[in-house]
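Each step along the sequence shown adds one to the number in the numbering used here, with nothing skipped, and position 317 is 309. Beta carbons: idealized from backbone N, C-alpha and C, even for Gly. The block underneath contains the structure these notes are about, expressed in structure tokens.
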Amino acid sequence: MVLQLENVSKTFRIGFFRKKVEAVRQVSFEIQRGEIFGLVGPNGAGKSTSIKMITGLLQPDSGEVRVFGESVANVALRKRIGYLPENPVLYEHLKAPELLDFYGGLVGLSKKVRRKRAQELLELVGLGDALDRPIGKFSKGMKQRAGIAQALINDPELVILDEPQSGLDPIGRREIRDLVVELRRQGKTILFCSHILPDVEDICDRVALIHQGTVVEVGFLHELIGTDVLRYEIFARGWSDELSTALGDAIEEIVAVGEVRRLTLRGDVDLDDALATITRLGARVESLQPHRENLEDIFVRDTKAAPVKKQPVSVAQ
């Protein structure tokens, strides 16, 4: 077991009257060695507060956080953890090798080791061609990759990434996803915190969905998502009113796209019978796409079902 949170809660006091705001309530989940675990939730759900308790930057009011089987209060454990905060501090007047040399010194690496490590990491994160450029001239994606390199300077066993794709374009997001998968291949255990659900679904083994400070779902993605088809989307030519009548209430929607019809069928229809009817009555199917429940569907469903807490949520980032 790499990480375990058991009934962890955290309350802040804010404002002139020191009003209590419960940022995280009775959160429990665990992470196994070698997996990519997604912590998912909207802004203000409690993700970053949870991460700060995992890294020891905040102390829980109740419950327990254990890393590698020991209390997170053990400062020595932090040498085995790498952390990319949501808004990393990168000294923009430095070049990337200088930045990693600085952080390597903070974690106690010798000058020889940290220089070698910096060179390896900058190649790993795709910054090998930007060694002579100040970080202030990096793009957003390059800065994120430099931040990940910083999180890896101590060769950690557990890597915690808080919103590593925030503000990136699709290409930048893809590069970060590929890098995270490569880190897992190297034997790292990764806590991947994000509100970009398709990316979480693409790379994570298990996820915890957190909403208003409470975990509402936790499990393997294939167990949460399942295999049931919600609907079928069919593009067909040669459509007729007779076909619409024959398929009846199996049809949810028909949209004309030039000479083609985009047909949406209910997920519980007998698909073989529907396709046979379409062919028999003279239409030609050009494409068929089943649509299954995804992580976004589950998240929307669970957050709508959760009771609303009447309190400010800006504290729990």
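Give a yes or no on whether the C-beta atoms belonging to residue i and residue j are separated by under 8 Å.
i       : j      : result
Lys87   : Ile127 : yes
Val(-6) : Gly55  : no
Ile195  : Val221 : no
Ala141  : Leu183 : no
Phe21   : Ala200 : yes
Gly274  : Tyr224 : no
Leu150  : Val59  : yes
Arg276  : Ala228 : yes
Phe212  : Val32  : no
Arg176  : Ile28  : yes
Gly30   : Ile202 : no
Pro148  : Arg72  : yes
Gly139  : Leu82  : yes
Asp289  : Val208 : no
Gln178  : Ile168 : no
Ser40   : Asp154 : yes
Under DSSP, the alpha helix (DSSP H) around residue i begins and ends at which residues?
i      : result
Arg165 : Pro162 to Arg177
Ala311 : In the structure as shown, the chain starts at -7 and stops at 309, and residue 311 therefore has no counterpart that could be examined.
Leu267 : Leu263 to Arg272
Phe130 : No alpha helix (DSSP H) holds Phe130; DSSP gives it neither H nor E.
Ala228 : Not the alpha helix (DSSP H): Ala228 falls in the beta strand (DSSP E), residues Val221 to Arg229.
Lys87  : Careful: Lys87 lies outside any alpha helix (DSSP H) and carries neither H nor E.
Leu239 : Asp233 to Leu239
Ile195 : Leu189 to Ile195
Please report how far the alpha carbon of residue i lies from the alpha carbon of residue j, in whole angstroms.
i      : j      : result
Arg5   : Gly205 : 15 Å
Arg137 : Val16  : 29 Å
Val64  : Arg125 : 37 Å
Ser186 : Phe8   : 32 Å
Ile145 : Asn35  : 28 Å
Ile43  : Asp262 : 47 Å
Lys11  : Met45  : 21 Å
Pro52  : Arg70  : 17 Å
Val57  : Thr256 : 48 Å
Ser102 : Gly96  : 8 Å
His214 : Asn286 : 10 Å
Gly26  : Gln18  : 25 Å
Ala68  : Gly100 : 12 Å
Glu90  : Gly250 : 59 Å
Leu123 : Glu62  : 38 Å
Let me confirm a value: residue i is counted as buried when at least 16 other C-beta atoms fall within 10 Å, else exposed. Which label applies?
i       : result
Arg198  : buried
Asp233  : exposed
Asp121  : exposed
Asn311  : A query on residue 311 cannot be resolved here, the shown segment of the chain reaching from -7 to 309 and no further.
Thr330  : The structure shown does not extend to residue 330, since the chain is modelled only from -7 through 309, so no value can be given for it.
Leu(-3) : buried
Lys296  : exposed
Leu49   : exposed
Thr271  : exposed
Ala308  : Confidence is the limiting factor: at Ala308 the pLDDT is only 41, short of 50, which leaves the residue's position unreliable, though a coordinate-based value still follows. So Ala308 ends up on the buried side.
Asp265  : exposed
Leu113  : buried
Val105  : exposed
Gln24   : exposed
Ala110  : buried
Lys108  : exposed
Leu235  : buried
Glu84   : exposed
Counting along the chain, where does the beta strand (DSSP E) carrying residue i start and finish?
i      : result
Leu150 : Leu150 to Asp154
Ile73  : Ile73 to Leu76
Val59  : Ser54 to Val59
Val67  : Val67 -> no beta strand (DSSP E), and no H or E assigned at all.
Lys2   : Leu(-5) to Ile6
His283 : Arg276 to Arg284
Leu82  : That residue, Leu82, is in no beta strand (DSSP E); it is neither H nor E in DSSP.
Val249 : Ile243 to Val249
Leu183 : Thr181 to Ser186
Leu201 : Arg198 to His203
Ile23  : Lys11 to Ile23
Any heavy atom of the ligand MN inside 7 Å of the beta-carbon of residue i?
i      : result
Glu115 : The model on display carries no ligand, and the ligand MN is accordingly not part of it.
Open item on the list: Under 8 Å: do the segment 76 to 83 and the segment 187 to 200 share three or more Cβ pairs, one atom per stretch?
Closed with: No, because fewer than three Cβ pairs between the segment 76 to 83 and the segment 187 to 200 fall closer than 8 Å, the two stretches do not touch.
- [ ] Decide if the segment 119 to 134 is in contact with the segment 159 to 179; the criterion is three or more beta carbon pairs, one per stretch, under 8 Å apart.
- [x] Yes, the segment 119 to 134 touches the segment 159 to 179.
- [ ] Inspect the CB distances between the segment 212 to 221 and the segment 233 to 248 and report whether three or more fall short of 8 Å.
- [x] Short answer: they don't touch.
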